[in-house]
Every structure is written in C-alpha cells, then in structure tokens.
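Numbering (this note's numbering), first residue to last: 41 to 514. Before any comments, here is the structure.
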Amino acid sequence: MSPVNDALAAQGSATRRGWLIPAIIGSAMLMQTMNATVIANALPTMAVALDEPPLRLNLAITMYLLASAVFLPISGWVADKFGARRIFVLSMILFAASSAACGFAQDLTQLVIARVFQGAAGAMMAPVGRLVLLRTTPKEELVGAMSVMTMPALLGPVIGPIVGGAIVTFADWRWIFFLSMPVAVVGVFLVLRYVPDVREQEVSPIDVKGALLTGLGLAALIFGFENLGRAMLPPLGVAGLFAGGALALTLYWRHARNNPHAVLDLSVFRLQTFSASVIGGAFMRIAMGASPFMLAMLLQVGFGLSAIQAGLMTFISAAGALVMKTAAPPILRRFGFRTVLIANAFIVAASFAAYGLFKPTTPHWLIMLVLGVGGFFRSLHFTSLNGLAFADIEQNRMSRASTTSSMAQQLVQSIGIGLAAGLIHAFMVARGEDHLTAGAVSPAFVVVGVVSLISLAFFIPLPRDAGDALNGRR
C-alpha cells in the first residue's frame, strides 16, 4: 500500500474512532435510557390494562433496579473474560428480547420476570459499552468521544415522556417495549461491523464473595432510597434496608482491602482525579437525579400542565445539552478541567436554584430559556466529570474502574430521587399542607442547588494540570 493510501486509511480509522464508535455505543444506551423514562409515564395506563393498583405496578421499576444492582458488579469481569464487544452485543440482544417479553406480558408476574432480565442486560450494557470506548480510544481523544457517546443517551430522558405519552394516548401501551427491537437490530449490526474486539489479556479469578456483597449492598440501598417518602414500606423497613446495605458494603471494604482480585478496585479512589469525579461529582449527580422528578411535580402538579406539555417544555434542556456536547472539548482545552469544574459548579447550582423561582404566571419562553441554559452547563459539567474519572487509570484497571464508576452513579441517582421526595414531603409538612403544591416544590430546588456545591471541596484541591492528557492541553 502506498504512503498516501496508508495516510487515508489512518485518517479513516481516526474518523471512525472519533465519532462513529461512540455514536454506536451511545445509540445502544439511548435504548436503555428511553425505556426507563417511557415506562414511568405509562404506568397508570398499564395498571388499568393489567388490572393492578398503580402503586403495585411500581414493582416493575423496582425489580429492574434491583436486578441491575445485582449484576452490575460483575460486568467488568465478564467483559474481560469473554470480550467486551461480545458481551456488549449479547446485552443488547437480551435487552431487546426481554423488552419484547414485557410487551407480551399478560399479568404483573410475567412483567416483573421480564423486567428482571431487562435489568440484568441493562447492568451490562452501560459499563461494558463505556469500557469498549475506553479501550478503543486514545486518551487525548477521550473527551470528544465521550461527548459523542452521551449525545444519544441524553435524548432518552427527554423524548421518553413525550413518546410514552403519545403511545399510551393514541396506541397500545405494549408498543413502548417493542420500540427497543429495531434499535437493537441496527445496533448489533453496527457494533459487529465497526467496533473492534479488544479484550484483556490476563483475566483475574472472579470474586464471588465480593460480587455478592456489593450486589446485595447496592440493591438494599437503592431499594431504600426508592421508598423514601413513598409510604410503600414502614419506616422501620426502610431503615433496615439502609442498615443492611451499609453493612454489606462495609464487609466488602474489609474483604477488598488486601484482595488483588476484588470485583471493585477501591484503590482507584486514591487517584485524586478519580475521587474528584466519582465522589465530588456525586453531589452534582444527586442534584441531577432530583431535578427531573421535582420539575415534573412542579410543572404538572403545581402548575397544572399535562405530561406532554411539560415534556415538550423541558425538551429545551436536552437541546442545550446537545449544543454543549460539541463545545465541551475546546472549552476544556482552553481552560482545563479544574477551572471548568470550579466555575461551572456555581453556574449549575444557580440554575437549580433558579427553577425554584418559577411561578404559574412565569412566561413559558422564560422557563424554557432557563431550562436550556441549565441543560447547557450541566452537560459541560458531566462531560468533564466522565472524562476526568479515567484520566490517570491504567489500561489494565479500566474494567474495574468503569464498573466502580457505574455503581456509584446508579446509587447517587437513587439518592437524588429519594432526596427530592423527602424534601418535598418535609416542605409540605412545614407548610401544613396535605396535598402537593408548587409552594412545597420550589424551595426544594434551592436545597438541591446548595447540596451540589459540596462538590467544590473535591474540585478546588485538584492540580491545575489535572486531566490535561485527555484533551492535548499543554
């Protein structure tokens, strides 16, 4: 092959690596994120069709989360053992097949069983997909690649309520689950065609004890946070879940201290960039997890908008996030991770607090403007956090670092929802109200904004050159 052809081939490979592979992986994650938001919007209609109380049908969401928590810890080891691309493809196929089973379910038992398999597949899909990206992308291109990967996934939580509302209004609720099938077919073809199969050469023995402890601990904590403020379990039962989850994770910490084959590599938290991203970023992600729930309560219950009206209004937030995805890499090259994270923390916190100023009389264009600006800067923040986590991780530790990061993100998302429910309930009690009003939701946004600022304690101590290897900054 001539030097010109060699150069063209290298350029084509770099192009595929730069946008095609991240886009393929992100599209698979779109299937997962959209499914999660669509089902929440369709639960009342599904309850009528299956002749079940709506609160009881919430079991379909809870069992998905629990199955995901149990299988998440072993995702990294399975990817190392059998190949990340192969596991990613199998998880997409299983997710689509279990989605179809949900659509064909005739009663709650069948639906819950199908959702368990769906949760297991989802637990593999996200961390293994990220692992594929980490192993096929040079570090200096990682920020741009992650920006592309998260673009499709960002659409899921935004278009999900709109799509779900339209389906249950104009068609059969079962079609919300059949949507995953064509996405999976196209995704599997593209992964097999364009994504290289890169696997770990040395695979450590599976840590069965560690997987059980982390899976049970994470499941108990997520289930506990899911039941905060919902009156589905007695307070003693919720406290028992928290205590059991904390005990299981403490036992895992003792088990993993001197175990080189532990399913989660806790030593990665000694890296300042990883701990700043995962622990410091957790306070931002808690606020992010709380915000959609509180916005839905404010716009639909407080202001009386329909689900489709509220979904169309909050769509602008995703538009701002998508615009930021193209701007994030040059911003990080210009200012660096530390400066961006510190300055952006104040902007994001202010945007959360600004949501609390919305009133029923606030012009809709102004609400959409504030939501768009908030989505823009939150997208920059999470792109920075996702890249910084792997700035100093060696290649042979990527799988366990990816699994650890995924577990932390899933836990703090549940914490965010539980915090939102708890805050709204507390403000209702303080105001002497027995039903939800906008006045009980608005102050919760201010509290969430203040909580997000705790992340500054982890961002400020970062060195000025933290993460510079990721974006070629000198």
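The beta carbon of each residue, even a glycine, is placed where N, CA and C say it ideally should be. In this text, all values refer to a predicted model and were calculated from it rather than measured experimentally.
- For E266, the enclosing alpha helix (DSSP H) covers residues V248 to E266.
- By the beta-carbon neighbour count (other beta carbons within 10 angstroms, threshold 16), I500 is exposed.
- V318: not part of any alpha helix (DSSP H); DSSP gives it neither H nor E.
- Distance from S419 to A336 at the Cβ level is roughly 20 Å; contact not present, criterion being Cβ atoms closer than 8 Å.
- Under the three-state reduction of DSSP, A368 is assigned to helix.
- Rounded to whole angstroms, the gap between the alpha carbons of A279 and G489 is 26 Å.
- Pairing L304 with T444 gives a Cβ-Cβ distance under 8 Å.
- Runs of alpha helix (DSSP H) with 4 or more residues, each lying fully within the region 139-205, are found at 148-176, listed in chain order.
- Fewer than three beta-carbon pairs drawn from the region 390-398 and the region 451-459 are found closer than 8 Å, and the two stretches are therefore not classed as touching.
- Taking C-beta atoms under 8 Å as the contact rule, M69 and G169 qualify, at a distance of about 6 Å.
- The three-state reading of DSSP puts A327 in helix, counting H, G and I together.
- In the DSSP assignment, V469 falls within the alpha helix (DSSP H) that extends over M438 to A470.
- In terms of CA proximity to N267, L459 leads the group L459, A63 and T73.
- With 16 or more other Cβ atoms from the protein chains shown falling within 10 Å of its own Cβ, Q72 counts as buried.
- With contacts defined as CB atoms closer than 8 Å, A286 and V110 fail to qualify as a contacting pair.
- If one requires a minimum length of 4 residues, the alpha helix (DSSP H) runs lying completely within the region 71-138 are 94-97, 99-111 and 115-122, in chain order.
- Contiguous alpha helix (DSSP H) elements confined to the region 204-237 occur at 215-218 and 220-234, taking only those with 4 or more residues.
- Here I407 carries a helix assignment [DSSP, helix/strand/coil].
- CA-CA distance, S187 to S442, rounds to 17 Å.
- Shown here for R155: same chain residues with a beta carbon closer than 6 Å to its own, the five before and five after excluded, namely A100, M103 and Y104 in chain order.
- Counting of Cβ neighbours within 10 angstroms places T177 among the buried residues, the total reaching 16 or more.
- Rounded to whole angstroms, the separation of the alpha carbons of V410 and A383 is 18 Å.
- Non-local beta-carbon contacts of G415 in its own chain, meaning distances under 8 Å to residues more than five positions away in sequence, involve I356, S357, A358, A359, G360, A361 and M364 in chain order.
- G507 sits in coil when the DSSP states are folded into three classes, being neither helix nor strand.
- When C-alpha distances from F265 are compared across I246, A330 and H295, the shortest belongs to A330.
- Beta-carbon to beta-carbon, V481 and G376 are separated by about 37 Å, too far to satisfy the 8 Å threshold.
- Your pair I326 and F498 does not check out as a contact, with CB atoms roughly 14 Å apart and the cut at 8 Å.
- In this structure L289 is not in contact with T313, their Cβ atoms being roughly 23 Å apart against a cut-off of 8 Å.
- The three-state reading of DSSP puts T402 in coil, since its state is none of H, G, I, E or B.
- Taking a C-beta distance under 8 Å as the contact criterion, A506 and R378 qualify as a contact pair.
- Exclusion of the five residues before and after V413 leaves G360 and S391 as the residues of its chain whose Cβ lies within less than 8 Å of its Cβ.
- Straight-line spacing of the CA atoms in G284 and P274 works out to 15 Å.
- Within a 10 Å sphere around the beta-carbon of G479 sit fewer than 16 other beta-carbons, which makes this residue exposed.
- Taking a cut-off of 8 Å on C-beta distances, the region 211-222 touches the region 142-151, as three or more cross pairs fall below it.
- Around the beta carbon of G204, a 10 Å sphere encloses 16 or more other beta carbons of the protein chains shown; the residue is thus reported as buried.
- Under the three-state reduction of DSSP, L476 is assigned to coil, being neither helix nor strand.
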